[in-house]
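Residue 148 in UniProt numbering sits at position 148 of the sequence shown, and the numbers go up by one each step.
Using N, Cα and C, we set each Cβ at its ideal position, and we do this for glycine too.
Computed from a predicted model, the values in this text were never measured in an experiment.
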Amino acid sequence: MAQNAADLFWQPGDKGAYPDRADHIEQGGIYKPEYLEYISSTIATLDKELFELSQDIHDHPELRFEERHAHDVLTSFVEKQGFNVTRHHLLETAWVATYTHGNGGRTLGVNSEMDALPGIGHACGHNLIATAGVAVACAVKAALQKFDISGTVVLLGTPAEEGGGGKLILLDKGAYEGMDACVMCHPAPGPPHSLSLSSCLALQRITVEYRGHTAHAALSPWEGQNALDAAVLAYTNISLLRQQLKPTHRVHGIFEGKDWTPNIIPDYAQMNWYVRAPTRAEVQAAVKRVVACFEAAALATGTKVDVQFTGSTFDIRQNKALSDEAADVYSKNYGPVDYKYGIQSASTDFGNVTYALPSIHPSFAIPTTGSNHTREFTDAAATKEAHQAMLNVSKALAATGMRLLTDDDFSQKVKDTFQEDLRLRKLEAETAK
Numbered sequence: 001m002a003q004n005a006a007d008l009f010w011q012p013g014d015k016g017a018y019p020d021r022a023d024h025i026e027q028g029g030i031y032k033p034e035y036l037e038y039i040s041s042t043i044a045t046l047d048k049e050l051f052e053l054s055q056d057i058h059d060h061p062e063l064r065f066e067e068r069h070a071h072d073v074l075t076s077f078v079e080k081q082g083f084n085v086t087r088h089h090l091l092e093t094a095w096v097a098t099y100t101h102g103n104g105g106r107t108l109g110v111n112s113e114m115d116a117l118p119g120i121g122h123a124c125g126h127n128l129i130a131t132a133g134v135a136v137a138c139a140v141k142a143a144l145q146k147f148d149i150s151g152t153v154v155l156l157g158t159p160a161e162e163g164g165g166g167k168l169i170l171l172d173k174g175a176y177e178g179m180d181a182c183v184m185c186h187p188a189p190g191p192p193h194s195l196s197l198s199s200c201l202a203l204q205r206i207t208v209e210y211r212g213h214t215a216h217a218a219l220s221p222w223e224g225q226n227a228l229d230a231a232v233l234a235y236t237n238i239s240l241l242r243q244q245l246k247p248t249h250r251v252h253g254i255f256e257g258k259d260w261t262p263n264i265i266p267d268y269a270q271m272n273w274y275v276r277a278p279t280r281a282e283v284q285a286a287v288k289r290v291v292a293c294f295e296a297a298a299l300a301t302g303t304k305v306d307v308q309f310t311g312s313t314f315d316i317r318q319n320k321a322l323s324d325e326a327a328d329v330y331s332k333n334y335g336p337v338d339y340k341y342g343i344q345s346a347s348t349d350f351g352n353v354t355y356a357l358p359s360i361h362p363s364f365a366i367p368t369t370g371s372n373h374t375r376e377f378t379d380a381a382a383t384k385e386a387h388q389a390m391l392n393v394s395k396a397l398a399a400t401g402m403r404l405l406t407d408d409d410f411s412q413k414v415k416d417t418f419q420e421d422l423r424l425r426k427l428e429a430e431t432a433k
């Protein structure tokens, strides 16, 4: 039965199925419940400061690669918490905070996103993501100290998720080297108090340029080669192609031009396109068909076409061992877990991280009357309810991280499930050809 779209949004004031469990700790059935208890008390101690940090970032929205205020307040915060901080790490607004206890041990990576959106601020809730990363790292640091466990936690401040591919650049520069696993979380609409371990859509960005020849549009149009006509024809080609694409695929783009006027045949047009699909392999297969639409338009109009692939992000490969552990902790303490809400129809550069090393990226529901990238979501990301939801998933992620750092069998299982996913990716690539 079709579900009413309004049912997907947690409205402010909704109680949901777990109204009284925000601070409840299940004393049995999870790995080392004393770890979760100490993690929770640590985060509770930092609650007020974490909320103020989140509000500060929310009140100072900054676009990709311009997150200077967020960079400064976040690095100052974690430095006061005893982390070894490197500012302007590999990128101007990236940073890294590291803490090591004892000798040897494994390394847990954590991500904090920081950037906002043009015109609508933190409409994707990156203020919550940034603060969640801090909460997880601080809680793990405290637990390593309390229980005298050898290990390292690395908190990476990652700029430009919104269209800049900051994590791709950091991956190429080696920022994730040495991590045994990496975790982060993301706010989204969803059932009350829920956690979602869905994937997301892989994405390929494409820039297309058409070059033709100018002419007087009335006196001698036959002398021209119309670049705008080529772009319009390409758009039409793709509109027709959509009928033969799977319902899970997305292709969307815009026109750009320069010096256009009605009485001159345009000799230049640019288009920017996104091609999305549930897996990287499916995107690569769809891109071949989309590029054929561009080339056909150039052939029909006598123009020249230049197709450039300007960046790609992959689907999220939720590591099964890590996600099962996070789901176990969360469902027994904070709320329901699903695998279909979250950001399944959006895209993120953290997908590329999940292809490189064992990782998870759960989404947590916040009370909102609008989806991500709306003004309603901007408002929701500043609420106390959203902050509490962020704290709960941070506790579950920190507990999952502690199991990675302390349980050798679990750590091996994380590695094994990552290798199994590598095998599945190869099969997907063969199937999509």
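Can you give me the Cβ contacts of residue i inside the same chain, cut-off strictly under 8 Å, excluding the 5 residues immediately before and after it?
i    : result
F77  : E49, L53, V134
L171 : N352, V353, A356
Y339 : S196, L197, S198
G105 : I149, S150, G151, T152, L405
W222 : A215
R21  : Only weak support is given to the placement of R21: the predicted model assigns it a pLDDT of 42, under 50, and the value that follows is read from those uncertain coordinates. Excluding residues within five positions, the ones whose Cβ falls inside 8 Å are H193, N333, Y334, G335.
Output needed for residue i: all residues of its chain with C-beta closer than 6 Å, excluding positions within five of it in sequence on either side, in chain order.
i           : result
E420        : none
D267        : G212, H213, T214, A227
Y38         : A143, K146
I316        : S199, C200, G351, T354, H361
Q270        : E209, E256
H89         : W95, V96
residue 437 : With the chain running from 1 to 433 in the structure shown, residue 437 is simply not present.
F377        : A123, T368, G370
R425        : none
D180        : R106, T107
With 16 other CB atoms within 10 Å as the buried threshold, where does residue i fall?
i    : result
S239 : exposed
A292 : exposed
T261 : exposed
D349 : buried
S220 : exposed
Q412 : exposed
N319 : buried
A264 : Correcting the residue type first, residue 264 is Ile in the shown sequence and not Ala. Exposed: under 16 other Cβ atoms inside 10 Å.
R242 : exposed
R403 : buried
Q27  : Any reading at Q27 must be qualified, since the residue scores a pLDDT of 48, below 50, and its modelled position is unreliable; the value itself is stated next. Burial call: exposed.
H24  : Only weak support exists for where H24 lies, its pLDDT of 47 falling under 50; the value from the coordinates is given anyway. With fewer than 16 other Cβ atoms within 10 Å, it is exposed.
Q204 : buried
N392 : buried
H387 : buried
L422 : exposed
State yes or no: is the C-beta of residue i within less than 8 Å of the C-beta of residue j?
i           : j    : result
N84         : Y99  : yes
S363        : Y341 : yes
A154        : K141 : Checking the sequence, you will find Val at residue 154 rather than Ala. Cβ distance not < 8 Å, so V154 and K141 don't count as in contact.
A281        : H249 : no
residue 440 : A380 : Given that the chain is displayed from residue 1 to residue 433, the structure contains no residue 440 and the question cannot be resolved.
K433        : A296 : no
T42         : C138 : yes
I206        : V283 : no
A130        : L74  : yes
Report the partner residues of residue i according to the DSSP bridge assignment.
i    : result
D306 : E209
D338 : S196
N111 : L156
H126 : None; H126 has no bridge partner.
Q225 : H213
Y274 : R205, H252
H186 : S363
Kindly list the residues whose CB is nearer than 7 Å to the CB of residue i, restricted to its own chain and excluding five residues on each side of it in sequence; keep chain order.
i           : result
residue 446 : Absent from the model: residue 446. The displayed extent of the chain is 1 to 433, so no value can be given.
A116        : P61, E62, L63, H122, H126
E67         : T93, M114, D115, P159
T417        : N319, K320, A321
Please determine if the stretch 323-335 and the stretch 139-148 are in contact, where contact requires at least 3 C-beta pairs separated by less than 8 Å.
-> no
The stretch 290-309 / the stretch 151-168 touching (three or more Cβ pairs under 8 Å) = no
Please determine if the stretch 221-237 and the stretch 172-192 are in contact, where contact requires at least 3 C-beta pairs separated by less than 8 Å.
-> no
Assess, as a yes-or-no matter, whether the stretch 251-265 is touched by the stretch 178-190 under the definition of 3 or more beta carbon pairs within less than 8 Å.
-> no
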